[in-house]
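Mind the numbering: the sequence shown is residues 7 to 680 in the numbering used here, read in order.
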Amino acid sequence: MLAVSAASAVPGNRDLPFRQVHLDFHNGELIPDIGAEFDVREFVAVLKKARVNSVNIFAKCMHGYAYYQTKIGVPHPSLKIDLLGEMLKELRPAGMAANYYYGLTWDALAAERHPEWRILARDGSPVIFGGHNSGVEWRQVCLNSPYLDQVARENEEILTRYRADGAWFDIAWTPPDGCFCRWCRAERERTGLGDSAPDIKRHNKMVALRMEARLTELVHRHWPEALVFYNSRTVLGIRDELANYSHIEIESLPTGGWGYTHLQQRVRHMRTLGKQLVGMNGRFHKSWGDFGGLKNQAALDYECLSFLSNGTRCCVGDQLHPRGRLDAATYARIGATYAKVEALEPYVRGARVLADIGVVSAAVNTVETTSGIPLVDAGFTNMLVELHQQFDILDLESRFEDYRLLILPDDIHPVPGLVAALRRYLAGGGALIASHRSLFDPGTRDFALPELGVKFLGESRYRDEYFYPAPGAFPDLPDYAYFLYQRGLSIAALPGAEVLATYGHPYFDRSPEHYSSHVQTPVDRPTTEPLVVALGRTAYIANPLFRSYAADGYGVYKQMVGALIRRLLPSPVLRTANLPSTAQVTVMEQDGPAGKRRVVHLLYYPLTRRAPNLDVIEEPGLLQNVHLQLRTPAPPRAARLAPAGTDLPVRYANGYAALTVPFVTGYQAIMIEL
């Protein structure tokens, strides 16, 4: 079993461009000189010099203003030219794809002119989503109101008057707590839905599907082979919307609030959904609209190379100055990155990402946002990336049988069908790691899968517990009382199960009446009470280690999980001997000119936290003599560094091709011909 994430073609059987730019252009009415310095030939020349081959350009911005000739929309008051039309006229003949951008729920003008269209909270107050800078609040309008009719009329005019390669709809957002405008309240009442969280979720989905179906049909009626994408919806739970999408894009600005973990989590689920992917970052030091903020070259390189190594195309976000001139320094930096990307495209195009571990996302239980991820997911994502494991992130509709090992982290509920699917999976030779409350059934007050080898007894005896590894169970962990920073469960091991770690109790739980020293009470004594249990092809951990790893960063938890993975997955697709945890590695398979080949992507760009909530990459890291073992079905014909083509000696034994990469400066691809 080895999962292979492959993407279907977009309309027209096209391969999406690898070097894209998303050109934001949000301008308030107080800007007096929109497009005053725009020169379309200079505009195209700057993009071509930067090796850009696709651009998202603006039809309508979040202020509600249009940048094209319109009789239906509202042009920006200082715009004197048909900016969209001039761009389209020159971009496509110059060999660059162009998609028009259209903002949806962020429309300040519509909110001002039609306050009845605004998204309202349960108490009737307007909902504000984003845009709290300097006291400014961005106003949202509801896609279930007559605003959608206005949107359709404006887009029909664009589609009739112009020709682009696609439509890029932004802020296709439905409020997680529900909209209580007159139209949403009436529709929920009419359809028998209430205001409970499950009914709000169902209604939000109804609104989104209706909006997407209407706009996608409209676009394809005029441009049958156009790309169509809806931003702000790429979360776990999007499967039923994908018929309306030509492809998937992942907006992920690491320094803009998303963080560097976000892309690693999101891409590992989205790549399993069968659509071509585009990853979007930004040239900004921080986030969108950061005029004067320019990302370090090494950071831009890393982010785009990380896109490639996870099977996605690249899109760098920029914001065009109101006067319409592209910034030379910005595009020199983008061009330097895209020169690297262009050289590597042959080793990514048509490639399929390989993974032998599948992890069920905590988002199957919780509402996920496009810029945030559940804490549990952050924990296992960081942990497995640092352990250099090849993994995908799954929902409950994923094909478990494609993976050799499944992980159910911390709190995956035993919903109908899941337990039966897990039994079939285990009977077929799969392996399973579960932790904390995963598969706990509150109805029976026990675990729903006896194959885990444990019985539920209750909460752990103390809030502040320790654990002792059993002799030989975790070779990297010396005998010691390790603290558990989050509270776990008390369990009993079933007959035949092996106890791999046990609890150590403190003298007492710390409280105002009972305390000693600075923080937690010291350990008193070891016990025989199990914390980690293994039975056959399963292992269970009674503590929320994945959530705790995200919250507390205790490396011992990663070492424990790493040992369990090695126990249950002794022959992974890739083994690394001397790669630091700060390096990243992925494996892809591709049909090359001379047959199948596997491509290993190594990245080493250490980051440091130099400001609150801001991680900085300033230069690439250097690695020497990196030892890799790649599982292959037969001895490889050759191994080479890509794109240079330098041959590497390779040894084959016991199903693994072993090789050594002499140097890695930030990034290196290794091509193994099968």
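Where a beta carbon is used, it is the ideal one built from N, C-alpha and C, also for glycine.
Residue i, buried or exposed, once every other Cβ within 10 Å from all chains shown has been counted against 16
{"i": "Phe297", "result": "exposed"}
{"i": "Ala471", "result": "Residue 471 is actually Glu in this sequence, not Ala. Flag for Glu471 reads buried."}
{"i": "Gln630", "result": "exposed"}
{"i": "Val142", "result": "exposed"}
{"i": "Tyr266", "result": "buried"}
{"i": "Gly627", "result": "buried"}
{"i": "Lys281", "result": "buried"}
{"i": "Leu350", "result": "buried"}
{"i": "Leu665", "result": "buried"}
{"i": "Tyr74", "result": "buried"}
{"i": "Phe552", "result": "buried"}
{"i": "His520", "result": "exposed"}
{"i": "Thr534", "result": "exposed"}
{"i": "Leu154", "result": "buried"}
{"i": "Pro668", "result": "exposed"}
{"i": "Arg443", "result": "buried"}
{"i": "Glu160", "result": "buried"}
Straight-line Cα distance separating residue j from residue i
{"i": "Leu215", "j": "Thr166", "result": "24 Å"}
{"i": "Leu259", "j": "Asp176", "result": "15 Å"}
{"i": "Thr450", "j": "Asn549", "result": "20 Å"}
{"i": "Trp264", "j": "Gln270", "result": "11 Å"}
{"i": "Thr180", "j": "Gly109", "result": "14 Å"}
{"i": "Thr592", "j": "Leu609", "result": "9 Å"}
{"i": "Val273", "j": "Met217", "result": "25 Å"}
{"i": "Ala644", "j": "Tyr308", "result": "27 Å"}
{"i": "Ala368", "j": "Pro121", "result": "37 Å"}
{"i": "Val370", "j": "Ser202", "result": "18 Å"}
{"i": "Cys310", "j": "Lys461", "result": "47 Å"}
{"i": "His28", "j": "Trp174", "result": "10 Å"}
{"i": "Tyr662", "j": "Phe386", "result": "27 Å"}
{"i": "Val656", "j": "Gly568", "result": "27 Å"}
{"i": "Asn637", "j": "His275", "result": "Correcting the residue identity first, residue 637 is Arg in this sequence and not Asn. C-alpha separation (whole angstroms): 23 Å."}
{"i": "Ile418", "j": "Leu445", "result": "6 Å"}
{"i": "Val16", "j": "Asp452", "result": "47 Å"}
{"i": "Asp39", "j": "Lys86", "result": "9 Å"}
{"i": "Ala103", "j": "Ile125", "result": "34 Å"}
{"i": "Lys301", "j": "Ser238", "result": "23 Å"}
{"i": "Asp324", "j": "Gly288", "result": "6 Å"}
{"i": "Pro715", "j": "Val133", "result": "As displayed, the chain neither begins before 7 nor continues past 680, which places residue 715 out of reach and without an answer."}
{"i": "Ala304", "j": "Gly423", "result": "46 Å"}
{"i": "Glu625", "j": "Asp113", "result": "40 Å"}
{"i": "Val538", "j": "Ala507", "result": "5 Å"}
Opposing strand residues paired with residue i [DSSP bridges]
{"i": "Ile379", "result": "BP columns for Ile379 are empty, so no partner."}
{"i": "His633", "result": "Thr666"}
{"i": "Met594", "result": "Val359 and Val605"}
{"i": "Ser682", "result": "The chain is shown from 7 up to 680; residue 682 falls before or after that span and cannot be answered."}
{"i": "Asn62", "result": "His28 and Asn105"}
{"i": "Met286", "result": "Glu257 and Cys321"}
{"i": "Arg643", "result": "Arg643 pairs with nothing; no bridge assigned."}
{"i": "His511", "result": "Arg531"}
{"i": "Arg145", "result": "Ile134"}
{"i": "Glu471", "result": "Leu490"}
{"i": "Leu411", "result": "Ile363 and Ala437"}
{"i": "Ile78", "result": "According to DSSP, Ile78 bridges with nothing at all."}
{"i": "Gly172", "result": "Asn105 and Leu233"}
{"i": "Asp398", "result": "Gly364"}
{"i": "Pro536", "result": "Thr508"}
{"i": "Trp112", "result": "Gln146"}
CB of residue i within 9 Å of CB of residue j, strictly
{"i": "Ser60", "j": "Pro83", "result": "no"}
{"i": "Gly70", "j": "Ala116", "result": "yes"}
{"i": "Pro456", "j": "Ile497", "result": "no"}
{"i": "Gln596", "j": "Ala361", "result": "no"}
{"i": "Tyr344", "j": "Ala56", "result": "yes"}
{"i": "Leu283", "j": "Glu255", "result": "yes"}
{"i": "Gly172", "j": "Leu233", "result": "yes"}
{"i": "Ala65", "j": "Tyr106", "result": "yes"}
{"i": "Val213", "j": "Leu149", "result": "yes"}
{"i": "Glu721", "j": "Gly598", "result": "Because residue 721 is not part of the residues shown, which for the chain are 7 to 680, the question remains open."}
{"i": "Gly317", "j": "Val354", "result": "yes"}
Min CB distance residue i to chain B below 9 Å
{"i": "Leu400", "result": "The structure shown contains no chain B; it holds only a single protein chain."}
- Message: Does the region 511 to 530 come into contact with the region 476 to 485, if we say contact requires no fewer than three beta-carbon pairs (one atom in each stretch) closer than 8 Å?
- Response: no
- Between the region 88 to 97 and the region 47 to 67, do three or more beta carbon pairs fall short of 8 Å? yes
- Message: I'd like to know if the region 392 to 402 and the region 437 to 451 are in contact, where contact means that at least 3 CB-CB pairs between them fall below 8 Å.
- Response: no
- Query: Pairing CB atoms from the region 320 to 338 with CB atoms from the region 375 to 382, are three or more of them under 8 Å?
  - Reply: no
- Query: Hey, is the region 225 to 235 in contact with the region 179 to 199, meaning 3+ C-beta pairs nearer than 8 Å?
  - Reply: no
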